[in-house]
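According to my numbering, the stretch in the sequence shown is residues 335 to 788, in order.
All C-beta atoms, glycine included, are put in the ideal place defined by N, C-alpha and C.
One structure is given below, encoded as structure tokens.
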Amino acid sequence: MEQSSSSGRLIKAPENFLNQDGIKTVFAEGKKGRRDFIRSAFAAAAAGAAVPAALAQGNPVPTEGGDPNILNLPPWSKGLGQGVALNDGYGKPSQYERNVQRRVSPGLTQTTQASVSFAPLQSLFGIVTPSGLHFERHHQGWWDIDPSKHRLMINGMVKNPKVFTVDEIMRLPSVSRFHFIECGANTAAEWGNVATPTVQYTHGMLSCSEFTGVPLITLLEMAGADLVNGKFVLGEGADGSSMTRTIPMSLIKSGEVFVAYGQNGEMLRPEQGYPLRLIVPGVQGVSWIKYLRRIKLGDMPFNTKDESDHYIDLLPDGQHRQYSSLQECKSVVTTPSGGQVLLDTGFYNITGLAWSGRGKIKRVDVSVDGGRNWRTARIEGSAQSKALTRFNIDWVWDGKPAIVQSRAMDETGFVQPTYQQLRGVRGTRSIYHNNAIQSWLVQENGEVKNVQIS
Ligand SMILES: Nc1nc2c(c(=O)[nH]1)N[C@H]1C(S)=C(S)[C@@H](COP(=O)(O)O)O[C@H]1N2
Ligand SMILES: [Mo]
Numbered sequence: 335m336e337q338s339s340s341s342g343r344l345i346k347a348p349e350n351f352l353n354q355d356g357i358k359t360v361f362a363e364g365k366k367g368r369r370d371f372i373r374s375a376f377a378a379a380a381a382g383a384a385v386p387a388a389l390a391q392g393n394p395v396p397t398e399g400g401d402p403n404i405l406n407l408p409p410w411s412k413g414l415g416q417g418v419a420l421n422d423g424y425g426k427p428s429q430y431e432r433n434v435q436r437r438v439s440p441g442l443t444q445t446t447q448a449s450v451s452f453a454p455l456q457s458l459f460g461i462v463t464p465s466g467l468h469f470e471r472h473h474q475g476w477w478d479i480d481p482s483k484h485r486l487m488i489n490g491m492v493k494n495p496k497v498f499t500v501d502e503i504m505r506l507p508s509v510s511r512f513h514f515i516e517c518g519a520n521t522a523a524e525w526g527n528v529a530t531p532t533v534q535y536t537h538g539m540l541s542c543s544e545f546t547g548v549p550l551i552t553l554l555e556m557a558g559a560d561l562v563n564g565k566f567v568l569g570e571g572a573d574g575s576s577m578t579r580t581i582p583m584s585l586i587k588s589g590e591v592f593v594a595y596g597q598n599g600e601m602l603r604p605e606q607g608y609p610l611r612l613i614v615p616g617v618q619g620v621s622w623i624k625y626l627r628r629i630k631l632g633d634m635p636f637n638t639k640d641e642s643d644h645y646i647d648l649l650p651d652g653q654h655r656q657y658s659s660l661q662e663c664k665s666v667v668t669t670p671s672g673g674q675v676l677l678d679t680g681f682y683n684i685t686g687l688a689w690s691g692r693g694k695i696k697r698v699d700v701s702v703d704g705g706r707n708w709r710t711a712r713i714e715g716s717a718q719s720k721a722l723t724r725f726n727i728d729w730v731w732d733g734k735p736a737i738v739q740s741r742a743m744d745e746t747g748f749v750q751p752t753y754q755q756l757r758g759v760r761g762t763r764s765i766y767h768n769n770a771i772q773s774w775l776v777q778e779n780g781e782v783k784n785v786q787i788s
């Protein structure tokens, strides 16, 4: 296990979150002085008081004989640092953060090459997924397409079929919006009581970025679309997967769906569909067509392979549910989560993410006793529609086993279900759209495990 970079963060040391095998993590520093300090803090927190400012700021606490990190002047205080970090013209994270990685699940069967990588949700703050850590799902591999050779065609029920170059699209009025993307198969293994070890593998087919692009309705109008009879569009990708999906005009007319070229302030990453990708807020990832090359307007759903054979839900009565595209209200605690270790009792900040394909997150409740009692968490900043929403809540761990859960509610009043409620409607044979409440068991020895409780 790598040692902490001693950043002074008392509650967690993200640089320690994942060791080489990506499972075990360290959660807090175990130094005696700090322990005592935290102890006095949790009495206050338990009484409902605010966390003392010194703890919140992570002030160093003297150790016996003096802290060598204070007494000895480090090299970086004495010498000349490096020149500008040009590298190859693009900055990189600290070497001490190299365990924060996308990972390929050991539990997934691989064919010739890996086709899914999971985002390290346990190591991320706020709501934005750094572009280099965005999850990936490729049905036929990814490409770095030369934008000068890429075209987007608009055809079907339009008066003037049009072909756009990337430059032409970038001249049009643009929007920039934060949205989450979640693969419909996120959390799929948990249907079968598999209990994947970490939140990276249970929920890591989820990311959130600020995307920039042009509303699809603008392009359709430029092509003279029949907005009366045209009810659905087909989106098609340029990669070998022939990824095609039906998107209802209701989402497009509202201006919500857009053709993106930007992601987190720069051009899309190749893995995310450079140079053009469809953004379909609130809808499962598969409809967010990467390498977008065609939009066809029609008057009925297209019933393509990726919506007739795949991405359908087998219900308890044996019927398949089709076009269940919306990602329902869901949340997960990312700290503490599976694979992490609490090294001591005392104060912890429970934190996590909530999101809903129906709009804004209104409230997130957190339980530390397996759902018997709930407290309402603080929502960080103002919740944005169909974007990840960060929540935090104070917790003082008394060293006894605890089951940590979060339950989100969106602005429509939809409440995230328990496994029992979800299975009551959906049965147990589904793959997609598992939005049940996740439980993390904190054991007496501080180890955190994925458990399912009904
Ligand atoms: N052209 C194309 N678009 C695609 C895919 C693909 O394989 N090819 N995969 C889809 C699926 S199933 C998901 S979940 C998301 C994944 O997006 P990401 O790789 O940017 O995370 O892209 C969707 N769009
Ligand atoms: Mo997906």
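For Gln329, which three-state DSSP category applies?
As shown, the chain starts at 335 and ends at 788. That puts residue 329 outside it, with no answer to give.
Helix, strand or coil at Ala419 [DSSP, three-state]
coil
Starting from Leu791, trace the alpha helix (DSSP H) both ways and give me its first and last residue.
The structure shown does not extend to residue 791, since the chain is modelled only from 335 to 788, so the question has no answer here.
Report yes if the CB atom of Val702 is closer than 8 Å to the CB atom of Ala736, and no otherwise.
yes
Suppose contacts are defined by Cβ-Cβ distances below 8 Å. Is Thr668 in contact with Thr685 by that definition?
yes
Evaluate Gly392 with the Cβ neighbour count: other Cβ atoms within 10 Å of its Cβ, from every protein chain shown; 16 or more gives buried, anything less gives exposed.
Confidence is the limiting factor: at Gly392 the pLDDT is only 46, short of 50, which leaves the residue's position unreliable and the question unanswerable from this model.
Return yes when the C-beta of Arg471 is under 7 Å from any heavy atom of ligand 2, and no when it is not.
yes
Where does Ala519 sit, in a helix, a strand or coil, going by DSSP?
coil
For Ser773 and Ser659, what's the separation of their Cα atoms in angstroms?
25 Å
My parser needs the beta strand (DSSP E) runs of 3 or more residues fully inside the region 419-502; what are they?
485-490, 496-499
Does the beta-carbon of Cys517, which I'm using as the reference point, lie nearer than 7 Å to any heavy atom of ligand 2?
yes
Assign Glu495 to one of two classes, buried (16 or more other C-beta atoms within 10 Å of its C-beta) or exposed (fewer than that).
Just to set this straight, residue 495 is Pro in the shown sequence, not Glu. That one is exposed.
Taking the CB atoms as reference points, tell me whether Gly761 and Thr532 lie closer together than 8 Å.
no
To which residues does DSSP link Arg697 through a beta bridge?
Met743
Which one of Gly466, Leu553, Arg724 has the shortest CA to CA distance from Ser451?
Gly466
If you reduce the DSSP assignment to three classes, tell me which class Gln777 lands in.
coil
Suppose you measure from the CA of Met577 to the CA of Phe725; what does that come to, to the nearest Å?
35 Å
Within 8 Å, strictly: CB atoms of Tyr625 and Gly569
no
Quick check on the DSSP output: the beta strand (DSSP E) that includes Gln597 runs from which residue to which?
592-597
Kindly examine ligand 2 and report whether one of its heavy atoms sits closer than 7 Å to the Cβ of Gly619.
yes
Helix, strand or coil: how does DSSP classify Glu605 here?
helix
Under 8 Å by Cβ, that's how I've got Asn768 and Trp525 pegged, so tell me the actual separation to the nearest angstrom.
6 Å
Euclidean distance between Cα positions of Ile765 and Met556:
39 Å
Which of the three DSSP states is assigned to Gly310 in this structure?
For residue 310 there is no data in the structure shown, the boundaries of the chain being 335 and 788.
Separation of Gly733 from Gln786, as counted between CA atoms
21 Å
Do the CB positions of Asn520 and His537 come within less than 8 Å of each other?
yes
Distance between Met487 and Val700 (C-alpha atoms, nearest Å):
47 Å
Apart from the five residues just before and just after Ala529, which ones in its own chain have a Cβ nearer than 7 Å to its Cβ?
Asn784, Val785, Gln786
With a Cβ-Cβ cutoff of 8 Å, do Gln718 and Lys694 count as a contact?
yes
Could you give the residue range of the beta strand (DSSP E) that holds Asn784?
782-785
When every heavy atom of ligand 1 is checked, does at least one fall within less than 7 Å of the C-beta of Asp573?
yes
In its own chain, which residues sit with a C-beta less than 8 Å from the C-beta of Asp633, not counting the 5 before and 5 after it?
Met491, Asn563, Gly564, Lys565, Phe566
Cβ of Trp689 versus every heavy atom of ligand 1: is any distance shorter than 7 Å?
no
Rounded separation between Arg368 and Ala721 - CA only
For Arg368, the pLDDT reaches just 36, beneath the cut-off of 50, and the residue's location in the model is therefore unreliable, leaving the point undetermined.
Where Tyr682 sits in the DSSP three-state scheme:
strand
Could you check what DSSP says for Asn768 in three-state terms: helix, strand or coil?
coil
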